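Each residue of the sequence shown is one higher than the last, beginning at 75 in the working numbering. Cβ coordinates follow ideal geometry from the N, Cα and C atoms, glycine included. Note that the coordinates shown come from a computational prediction; the quantities given were computed from them, not determined experimentally. Let me begin by presenting the structure, written as structure tokens, before commenting on it.
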Amino acid sequence: MTGELSAARDLLAQAARVVVFTGAGVSAESGMPTFRGAGGLWKSFRAEDLATPGAFARDPRLVWEWYGWRRGIVASCRPNLAHVALGRWMLLREGITLVTQNVDDLHERGAEEAARASLHEGRLPGGADSQVAARAPYVPDVATAGEAAARVAPIRLHGSICHARCMRCEARAPFPGPVDATSVATLPHCACGGLLRPDVVWFGESLPEGALQAAFAAAATAEVCLVVGTTGAVYPAAAVVHETRGAGGKVIVVDPGETAYDDVADVRLWGAAGEVVPALVAEG
Ligand code: OAD
Numbered sequence: 075m076t077g078e079l080s081a082a083r084d085l086l087a088q089a090a091r092v093v094v095f096t097g098a099g100v101s102a103e104s105g106m107p108t109f110r111g112a113g114g115l116w117k118s119f120r121a122e123d124l125a126t127p128g129a130f131a132r133d134p135r136l137v138w139e140w141y142g143w144r145r146g147i148v149a150s151c152r153p154n155l156a157h158v159a160l161g162r163w164m165l166l167r168e169g170i171t172l173v174t175q176n177v178d179d180l181h182e183r184g185a186e187e188a189a190r191a192s193l194h195e196g197r198l199p200g201g202a203d204s205q206v207a208a209r210a211p212y213v214p215d216v217a218t219a220g221e222a223a224a225r226v227a228p229i230r231l232h233g234s235i236c237h238a239r240c241m242r243c244e245a246r247a248p249f250p251g252p253v254d255a256t257s258v259a260t261l262p263h264c265a266c267g268g269l270l271r272p273d274v275v276w277f278g279e280s281l282p283e284g285a286l287q288a289a290f291a292a293a294a295t296a297e298v299c300l301v302v303g304t305t306g307a308v309y310p311a312a313a314v315v316h317e318t319r320g321a322g323g324k325v326i327v328v329d330p331g332e333t334a335y336d337d338v339a340d341v342r343l344w345g346a347a348g349e350v351v352p353a354l355v356a357e358g
């Protein structure tokens, strides 16, 4: 074990309260594209055409087409070893608050995989499941995979691509199905007749107030903020890390590339989440 890894493990072992702050990089090994850097979504697409209220008002069909494509990627992805290890760690330990900028549901599904492996239910033969199961042993006190997902449910600063919200009555609901973006008429609509939109935060919109407050409250009292896979470029979410640091807490950063936190990290672990995170949070 490297000196940095063992220093980070010590910090986490000594902390009663930890905030885990994740970005697109934690899902990269699952096959989810990140936003910045080589292959990042904002290299191929213009945010102002696809991820703003104005873009949706101008062309809801185009916006839904893009989100439908991204929803398809999410649906086809599996949680990776980082999601599973974090999920299992949260099921085993008190005092961890997960805050994510991601709109996918891979953290919840990672906890489900950890619980399933433990419960010996629903495991598929071969492939990723077996690999995950081998690395995710017994989780006590979890009766079902669904309960595991609920227990690790992250504070979502940028919403959820798996949920939709009505433009007219504001009702929010899980929205699992495929999207038919052939025309505005075929786009998803609410029972009230209003057009649904993806329940994500677009550029120019405020973050959900409750989520933001909960994230900052947790960050202010955390002894350690564990940052995984984010450039730290988008505010106010990025300030969660500074909140912990400003209150005297430590910062651990896991990322294979440069981030805005590199100068303030107490421990910097250069590497992929799927490699580093399981080693960081495993017992023993
Ligand atoms: P970015 O695309 O800005 O950053 C992704 C980070 O993940 C980079 O630092 C990469 O080095 C790192 N990374 C890549 N592969 C990794 C791996 N295998 N393990 C760990 N890290 C890896 O994504 P975010 O910082 O999440 O906002 O972006 C923040 C926000 O900008 C997003 O939530 C989104 C976007 O515009 C909204 O849509 C409102």
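Where residue i falls: helix, strand or coil (DSSP)
i    : result
R162 : helix
L172 : strand
S257 : coil
A208 : The predicted model places A208 with a pLDDT of 48, which falls under 50 and marks its position as unreliable; any figure quoted below should be read in that light. Helix.
V148 : helix
V301 : strand
R83  : helix
A247 : strand
L155 : helix
P228 : coil
R183 : helix
V327 : strand
Reference residue i, options the options, closest by Cα
i    : options                : result
R162 : V216, G113, T126, D123 : V216
V226 : I326, E78, L160, A312  : L160
A125 : G114, V137, S118       : V137
P228 : A219, V327, A288       : A288
T174 : S80, A89, V314         : V314
D329 : A156, G220, W140, R91  : A156
G265 : V341, W276, F249       : Note that residue 265 is Ala in the sequence shown, not Gly. For A265, the nearest C-alpha among the options comes from F249.
G306 : T295, V325, S280       : V325
V148 : M106, D254, A191, R120 : M106
Start-to-end residues for the beta strand (DSSP E) that takes in residue i
i    : result
V93  : 92–96
G273 : This sequence places Asp at residue 273; Gly is not what is there. Where D273 is concerned, the enclosing beta strand (DSSP E) stretches over 270–274.
L343 : 341–343
V314 : Element bounds for V314: not the beta strand (DSSP E) but the alpha helix (DSSP H), 313–320.
Start and end residues, alpha helix (DSSP H) containing residue i
i    : result
H237 : That residue, H237, is in no alpha helix (DSSP H); its beta strand (DSSP E) goes 233–240.
V351 : 347–355
T295 : 283–295
G128 : 127–132
D123 : 121–124
contact_flag[the region 299–318, the region 167–175] where n(CB pairs < 8 Å) is 3 or more: yes
Three-pair Cβ contact test at 8 Å for the region 270–281 versus the region 238–253: yes
Stretch pair the region 97–108 + the region 335–355: three plus CB contacts closer than 8 Å: yes
Any 3 or more C-beta pairs closer than 8 Å across the region 138–150 and the region 322–338: no
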